[in-house]
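Participant: I'd like to ask some things about the structure below.
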């Protein structure tokens, strides 16, 4: 087997390994997104009906800020899921793990840590 510097793509067995990693991350990401969505749809469990008006106003402001933060987390989670989906397409096309800048294989360690990446460390460091 050729070493990774001369290989032009990962083998089908290697791609299957990455696919399993991605599918597991996708499952976890979707669970987290569902949890965020349900926390947005459920009414405030603490309820402020019996407190004074001033406290209710503060509570409403806090709840609004929390809702905005949850929305941001949900948007980030959706984007992550989209990136994982795109990685699965690259696996099917057998182009997964190839740096879009250098055309070289991205190191396995990097792909295991950031399975949706399209850049090698060399290309990523050049961006900074």
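In full-length UniProt numbering, the protein residues as written are 1 to 128. Cβ coordinates follow ideal geometry from the N, Cα and C atoms, glycine included. Given the structure is predicted, the values throughout are model-derived calculations rather than measurements.
Would you check if the distance between the CB atom of residue 40 and the CB atom of residue 81 is smaller than 7 Å?
Facilitator: Taking the chain shown and counting its residues from 1, the one referred to as residue 40 is at position 40. Taking the chain shown and counting its residues from 1, the one referred to as residue 81 is at position 81. In this structure, residue 81 does not lie closer than 7 Å to residue 40 by Cβ.
Participant: Please classify residue 118: is it buried, with 16 or more other beta-carbons within 10 angstroms of its beta-carbon, or exposed?
Facilitator: Along the chain shown, one-based indexing puts residue 118 at 118. Buried, by the Cβ-count rule.
Participant: Counting pairs of beta carbons, one from the region 93 to 105 and one from the region 9 to 22, are three or more of them closer than 8 Å?
Facilitator: Yes: the two stretches touch, three or more of their Cβ pairs being nearer than 8 Å.
Participant: Taking the alpha helix (DSSP H) that residue 33 falls in, what are its first and last residues?
Facilitator: Working through the chain shown from its first residue, we reach residue 33 at position 33. Note, residue 33: alpha helix (DSSP H), 12 to 41.
Participant: Identify, in the order they occur along the chain, each residue of the same chain with its Cβ nearer than 6 Å to the Cβ of residue 45, setting aside the five sequence neighbours on each side.
Facilitator: By one-based count along the chain shown, residue 45 stands at place 45. Interpretation of residue 45 is limited by its pLDDT of 49, a score under 50 that renders its predicted location unreliable; the figure taken from the coordinates is listed afterwards. Cβ within range, chain order: n/a, list empty.
Participant: Can you tell me the Cα-Cα spacing of residue 115 and residue 107, whole angstroms?
Facilitator: Translated into the one-based positions of the chain shown, residue 115 becomes position 115. Translated into the one-based positions of the chain shown, residue 107 becomes position 107. If you take the alpha carbons of residue 115 and residue 107, they lie about 11 Å apart.
Participant: How far does the alpha helix (DSSP H) with residue 126 in it extend, from its first residue to its last?
Facilitator: Position 126 of the chain shown, counted from the start, is the residue given in the question as residue 126. Where residue 126 is concerned, the enclosing alpha helix (DSSP H) stretches over 121 to 127.
Participant: Less than 7 Å between C-beta atoms, sequence neighbours within five positions excluded: which residues of the same chain meet that for residue 35?
Facilitator: Here residue 35 refers to the residue found at position 35 when the chain shown is read from its first residue. Closer than 7 Å at the Cβ level, and outside the excluded window around residue 35, lies no residue.
Participant: Given that a residue counts as buried once 16 or more other Cβ atoms are within 10 Å of its Cβ, and exposed if not, what is residue 38?
Facilitator: The residue given as residue 38 occupies position 38 in the chain shown. When all chains shown are included, residue 38 counts as exposed.
Participant: Assuming residue 84 and residue 26 make a contact with CB atoms under 8 Å, what is their CB distance in whole Å?
Facilitator: Position 84 of the chain shown holds residue 84. Position 26 of the chain shown holds residue 26. Contact flag correct, Cβ pair sits at about 5 Å.
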